[in-house]
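Inspection log for the structure reproduced underneath, given as structure tokens.
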Amino acid sequence: MAILRVLQEPEKILRQATKEVPIEEIKSDRIQWLIHDMSDTLHSIDIGIGIAAPQIGESLRIFIISEEAEVARRSKGKVDREQYRKHKAGKKWKHFVFINPKLIRVSKEKNLVSEGCLSVDKIFGEISRSKRAVIEAYNEYGRKFRRSASGLFAQAMQHETDHLSGVLFIDTAINLKKLEDSEKEKK
Ligand SMILES: [Zn+2]
Numbered sequence: 002m003a004i005l006r007v008l009q010e011p012e013k014i015l016r017q018a019t020k021e022v023p024i025e026e027i028k029s030d031r032i033q034w035l036i037h038d039m040s041d042t043l044h045s046i047d048i049g050i051g052i053a054a055p056q057i058g059e060s061l062r063i064f065i066i067s068e069e070a071e072v073a074r075r076s077k078g079k080v081d082r083e084q085y086r087k088h089k090a091g092k093k094w095k096h097f098v099f100i101n102p103k104l105i106r107v108s109k110e111k112n113l114v115s116e117g118c119l120s121v122d123k124i125f126g127e128i129s130r131s132k133r134a135v136i137e138a139y140n141e142y143g144r145k146f147r148r149s150a151s152g153l154f155a156q157a158m159q160h161e162t163d164h165l166s167g168v169l170f171i172d173t174a175i176n177l178k179k180l181e182d183s184e185k186e187k188k
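Okay, structure coming up:
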């Protein structure tokens with residue numbers, strides 16, 4: 002298990018469509034190690050709330066969202082960084098694994114929300130995301146589940162699913178800005 006370097010745009014692998022994980026391989030050492038590496042890497046980044054496999058060099062349909070996406074409060078688009086740190090430092094930091102995810106429903110109602118990405122350093126912008134989304138995926142134990150979410154968690158599910166198709170938020174975001182000291186969460 003290791004903390005890995007997060008690949009940066011314009012790495013080619015970030016632009017490739019990823020492959021499904023064969024269900025019978027979810028419990029294999031290779032996939033379990035990959036999930037641990039993704040989790041260790043995400044855990045090591047204060048304000049990162051999600052990571053997809055291609056961001057650490059594996060072109061597979063897997064992403065992780067950390068619990069900050071559930072609890073983060075936002076006021077006027079800004080996140081509470083202290084709250085993020087507290088969660089990341091906690092012994093029982095929780096994260097959710099999505100393998101072969103499919104967004105099966107997204108709300109027509111959308112919000113213009115601020116967004117960043119661990120693979121697009123220091124750039125933030127505003128992007129139109131569905132307010133609510135339902136996803137179907139397998140967890141790290143190979144069990145199929147469905148999760149519906151709103152707010153930041155729904156936004157993260159859409160951002161990470163995009164990664165699996167080689168899409169980055171900068172492709173459609175507007176008002177892109179470079180921040181020297183990022184004050185916003187990244188995915
Ligand atoms: Zn990202």
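Just so we're aligned, residue 2 is where the sequence shown starts under our numbering, counting upward by one. The beta-carbon is built from N, C-alpha and C at its ideal position, and this holds for glycine as well.
Quiz item: In three-state DSSP terms, what is Tyr82?
Solution: Residue numbering aside, residue 82 sits at position 81 when the sequence shown is read from its first letter. Here the sequence assigns Arg to residue 82, which means Tyr is not the residue at that position. Three-state result, Arg82: helix.
Exercise. State the beta-bridge partners of Arg6 as determined by DSSP.
Key: By 1-based counting over the sequence shown, the position of residue 6 is 5. Within the DSSP secondary-structure output, Arg6 pairs in no beta bridge.
Quiz prompt | Contact belief for Glu7 with Ser120 at Cβ below 8 Å, rounded distance in angstroms | solution = Start at 1 with the first residue of the sequence shown, and residue 7 comes out as number 6. Start at 1 with the first residue of the sequence shown, and residue 120 comes out as number 119. Here residue 7 is Val; the residue named in the question, Glu, does not match the sequence. Right, their Cβ atoms sit about 6 Å apart.
Practice problem: When you get a sec, list the residues whose CB is within less than 5 Å of any heavy atom of ligand 1, chain order please. | Solution: Counting every residue whose Cβ lies closer than 5 Å to a heavy atom of ligand 1, we get Cys118 and Lys188.
Quiz item: Is it true that the segment 140-152 meets the segment 94-111, where meeting means three or more beta-carbon pairs spaced less than 8 Å apart?
Solution: The count of Cβ pairs closer than 8 Å, one atom from the segment 140-152 and one from the segment 94-111, reaches three, so the stretches are in contact.
Quiz item: Roughly how far, in whole angstroms, is the beta-carbon of Lys132 from the beta-carbon of Ala157, given that I think they are within contact range, below 8 Å?
Solution: Along the sequence shown, read from residue 1 onward, the residue named residue 132 stands at position 131. Along the sequence shown, read from residue 1 onward, the residue named residue 157 stands at position 156. With a Cβ gap of about 13 Å, Lys132 and Ala157 do not count as contacting.
Quiz item: With DSSP run on the structure shown, which of helix, strand or coil describes Val72?
Solution: Position 71 of the sequence shown, counted from the start, is the residue given in the question as residue 72. Of the three classes helix, strand and coil, the one that applies to Val72 here is helix, per DSSP.
Quiz item: Under the three-state reduction of DSSP, which class applies to Lys92: helix, strand or coil?
Solution: As a first step, residue 92 must be located in the sequence shown, where it is residue number 91. Here Lys92 sits in coil by DSSP.
Quiz prompt | Option in Lys188, Ser166, Asn176 and Glu181 with minimal Cα separation from Thr19 | solution = For the purposes of this step, residue 19 is taken as residue 18 along the sequence shown, with counting starting at 1. The option with the nearest alpha carbon to Thr19 is Ser166.
Exercise. Determine which residues share a DSSP beta bridge with Glu116 and list them.
Key: Within the sequence shown, the letter at position 115 stands for residue 116. Beta-bridge partners assigned by DSSP to Glu116: Gly126.
Quiz prompt | Cα-Cα separation between Arg130 and Ile66, rounded to whole angstroms | solution = Counting from 1 along the sequence shown, the entry for residue 130 is found at position 129. Counting from 1 along the sequence shown, the entry for residue 66 is found at position 65. So the alpha carbons of these two residues sit roughly 17 Å apart.
Quiz item: In its own chain, which residues sit with a C-beta less than 7 Å from the C-beta of Val22, not counting the 5 before and 5 after it?
Solution: Counting from 1 along the sequence shown, the entry for residue 22 is found at position 21. So the qualifying residues of the chain are Ile32, Leu61, Arg62, Ile63, Ile100 and Asn101.
Exercise. Could you work out which residue in Ile124, Leu180, Glu181 and Lys111 is closest to Ser151 when comparing CA atoms only?
Key: As a first step, residue 151 is located in the sequence shown; it is residue number 150 there, counting from the start. Per the Cα distances, Lys111.
Practice problem: Assign Ile63 to one of three DSSP states: helix, strand, or coil. | Solution: Working through the sequence shown from its first residue, we reach residue 63 at position 62. Strand, per DSSP.
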